[in-house]
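Quick note: to get our numbering, add 70 to the position in the sequence shown (first position is 1).
Data block below; observations after.
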Amino acid sequence: MPFELESNYKPRGDQAQAIGKLIKSVEADYRHQTLMGVTGSGKTFTIANVIRELDRPTLVISHNKTLAAQLYSEFKQFFPRNAVEYFVSYFDYYQPEAYIPRSDTYIEKDSSINEEIERLRLAATSALLSRRDTIVVASVSCIYGVTSPEDYLQMLLTIKRGQHISREAVLGRLIDMLYERNDINFARGRFRVRGDVVEIYPASADEEGIRIEFFGDEIEAITRFDPLTGHAHESLSVITFFPAKQFVTPADKLNRALRTIREELEARITELESQNKLLEAQRLRMRTEYDLEMLQEMGFCNGIENYSRHLSGRPPGSKPYTIIDFFPKDFLVVIDESHATIPQIGGMYEGDRSRKTVLVNYGFRLPSALDNRPLNFDEFMKMTNQIIYVSATPAESEIQNSVVGNNGYMPHRRQRIGEEELEPFVLPGGKRSTPKAFGAQRRTSNSKVHVSRTDEAPEKFDAHTPGAPLIVEQIIRPTGLLDPKITLKPLKNQIDETIELCRQRVEKGERILVTTLTKRTAEDLADYLRDVGLKVRYLHSD
């Protein structure tokens, strides 16, 4: 179904012109465009209108969980009939595996998984595979590895009323999909069996179970029910179950992976022993063989992600599969607070690799563990289709890329991306240019940020002239509120001036926020203002 935006508000202020210009830029098939809007100007509502008009699956990336949750809540309200999903790290606490050579200290991986966030991640994956009207709000966690879409699709289980299939076949398939049988504690990712009735609690479900009733080897009924009360809600003709975990592997690929892991283990042990690293070789054999036993018997082990290259059958050094691989080719990417999010995306790869290199060198992990990694920045850019950067203060990289004619990516001069990795692009008129050359030309010919004026109508927005900026400004708020006027006053008599200003506001029944440089200054100033008769409290992180 198409995206249906529900809101009591209509675009006001600068929103209408920003919506029209962004749509025009994206429909002209340009890869980069920027929405530069002040705080409180309703940038999220603007993007929601753009998504509705373009009607494409959309990935919204934020630089932390808190902002991602806020965006998720807002988009959920704007699109109640569409699939708005949340994809962030599901760890409440996470201590990565590490080794400190100088003190011979091994730090084992320790984590606490938030089951609700895990459910939301699985729901996001399921939505992308089953419908186009999907918005996924994610943190930078979206560049970390998951199961390949191909393997995930192979592990689906579709049940139809009237289908001929044995109860044992259904139970075996659920086990392969990493569901657990528990006839007493019925929870997400589990199933229970009561005679000819199998009840399943889908891993991505929000407080609803599925009851399958058999008559011999035939599906007699499929019912959606309340897991707490057991009351039936709805009779279904067909239902599809998705895997209970993000990392699932078909049996044939698992068997192949067990073989290739053993081959890599033997080769690595031979290499370590030739270097007289006997302790490292013994450590590696013991740890890896234990993991192999768990994989063979249970289909899962702690740290299974370190074997992701073998499980997915990828060649050494290849990029991992991420949630981005589940999107169709025409999807839209919105990078919120891009000035902070893009540096995060670029920095994840190096930090992850330096930690794992130590683990590999000292026999804690096989070299293939290095391929369990986040995307590097160049890989991320090559996987994205069209991007809208959203920021009040866009960085130079967003500004120099948001131009007509740039369908590649021009790296900022401080970014470590080789020119040979970046494809040349064709400017309108047939002239070819490289990202580096075009970027240098832009920097020398533009000493300041050129944006589309807010009083310029969308139909006059220049989306054709090579080098024209695709930067849309949004300044006037829908409420009409202005930023507070800033007045600079001398340091002399600043305390007396502060007291007088506070009293003026108190007489009007208003409140005052006074900021200081240090915590101690806040406490001392609060004591002084209290002594002169003002109601005051200090507030800081302690």
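The beta-carbon is built from N, C-alpha and C at its ideal position, and this holds for glycine as well.
N-terminal and C-terminal residue of the alpha helix (DSSP H) that residue i is part of
i: residue 329; result: 321–344
i: residue 409; result: 408–431
i: residue 141; result: 135–148
i: residue 155; result: Segment 153–157 is the beta strand (DSSP E) holding residue 155; no alpha helix (DSSP H) there.
i: residue 114; result: 113–124
i: residue 566; result: 564–577
i: residue 467; result: 466–471
i: residue 85; result: 85–97
i: residue 359; result: 348–368
i: residue 380; result: 378–382
Rounded distance between the beta-carbons of residue j and residue i, thought under 8 Å
i: residue 148; j: residue 76; result: 7 Å
i: residue 155; j: residue 190; result: 7 Å
i: residue 445; j: residue 427; result: Between residue 427 and residue 445 the Cβ distance is about 18 Å, and since that is not below 8 Å, they are no contact.
i: residue 312; j: residue 195; result: 7 Å
i: residue 450; j: residue 415; result: 6 Å
i: residue 270; j: residue 284; result: Going by Cβ atoms, the distance from residue 270 to residue 284 rounds to 13 Å, so no, they are not a contact pair.
i: residue 153; j: residue 203; result: 6 Å
i: residue 218; j: residue 391; result: 4 Å
i: residue 602; j: residue 569; result: 6 Å
i: residue 411; j: residue 102; result: The Cβ separation is near 14 Å, so there is no contact.
i: residue 613; j: residue 104; result: The structure shown has nothing for residue 613, since the chain only spans 71 to 612.
i: residue 248; j: residue 369; result: 7 Å
i: residue 98; j: residue 533; result: 5 Å
i: residue 339; j: residue 362; result: 14 Å between Cβ atoms; not a contact.
i: residue 288; j: residue 234; result: 6 Å
i: residue 169; j: residue 432; result: 5 Å
Residue from the options with nearest C-alpha to residue i
i: residue 404; options: 71, 87, 78 and 145; result: 145
i: residue 434; options: 141, 269, 255 and 355; result: 355
i: residue 437; options: 280, 335, 219 and 536; result: 335
i: residue 258; options: 265, 244 and 267; result: 244
i: residue 188; options: 421, 276 and 522; result: 276
i: residue 111; options: 94, 133 and 86; result: 86
i: residue 545; options: 74, 107 and 91; result: 107
i: residue 599; options: 588, 585 and 565; result: 565
i: residue 278; options: 309, 248 and 288; result: 309
i: residue 529; options: 560, 90 and 165; result: 90
i: residue 128; options: 368, 366 and 96; result: 96
i: residue 162; options: 180, 126 and 150; result: 180
i: residue 613; options: 280, 608 and 409; result: Given a span of 71 to 612 for the chain in the structure shown, any question on residue 613 remains unanswerable.
i: residue 583; options: 602, 610, 345 and 563; result: 610
i: residue 224; options: 577, 130, 382 and 371; result: 382
i: residue 186; options: 220, 211 and 157; result: 157
i: residue 199; options: 396, 521 and 478; result: 396
i: residue 557; options: 567, 548 and 549; result: 567
i: residue 175; options: 429, 526, 82 and 205; result: 429
i: residue 296; options: 272, 588, 351 and 574; result: 272
i: residue 315; options: 388, 406, 220 and 192; result: 192
i: residue 592; options: 608, 246 and 357; result: 608
i: residue 116; options: 164, 92 and 208; result: 92
i: residue 210; options: 389, 543, 358 and 447; result: 447
For residue i, the residue or residues it bridges with in DSSP
i: residue 398; result: In the DSSP output, where bridge partners are listed per residue, residue 398 has none listed.
i: residue 263; result: 268
i: residue 541; result: 104
i: residue 285; result: 288
i: residue 294; result: 280 and 304
i: residue 613; result: Since the displayed the chain opens at 71 and closes at 612, residue 613 lies outside it and no answer follows.
i: residue 456; result: 402
i: residue 250; result: 260
i: residue 205; result: 128 and 154
i: residue 436; result: Answer is none; residue 436 lacks a bridge partner.
i: residue 227; result: 311
i: residue 183; result: 161
i: residue 170; result: 175
i: residue 461; result: 106
i: residue 522; result: 542
Residue interval of the beta strand (DSSP E) (run including residue i)
i: residue 162; result: 161–165
i: residue 310; result: 308–311
i: residue 588; result: Note, residue 588: premise wrong, no beta strand (DSSP E); not H, not E.
i: residue 177; result: 175–177
Residue i at chain C interface by Cβ criterion, 9 Å
i: residue 204; result: Reference to chain C is not applicable here, since this structure consists of a single protein chain.
Q: Please determine if the stretch 450–465 and the stretch 229–238 are in contact, where contact requires at least 3 C-beta pairs separated by less than 8 Å.
A: No, the stretch 450–465 is not in contact with the stretch 229–238.
Q) Is there contact here, the stretch 116–133 with the stretch 391–411, by at least three beta-carbon pairs under 8 Å? A) Flag = yes, the stretch 116–133 and the stretch 391–411 touch.
(Q) So, does the stretch 288–306 touch the stretch 337–349, judging by three or more C-beta pairs under 8 Å? (A) The stretch 288–306 vs the stretch 337–349: no contact.
(Q) Would the stretch 324–340 count as touching the stretch 373–380 if we require 3 or more Cβ pairs under 8 Å? (A) Yes: at least three Cβ pairs fall under 8 Å.
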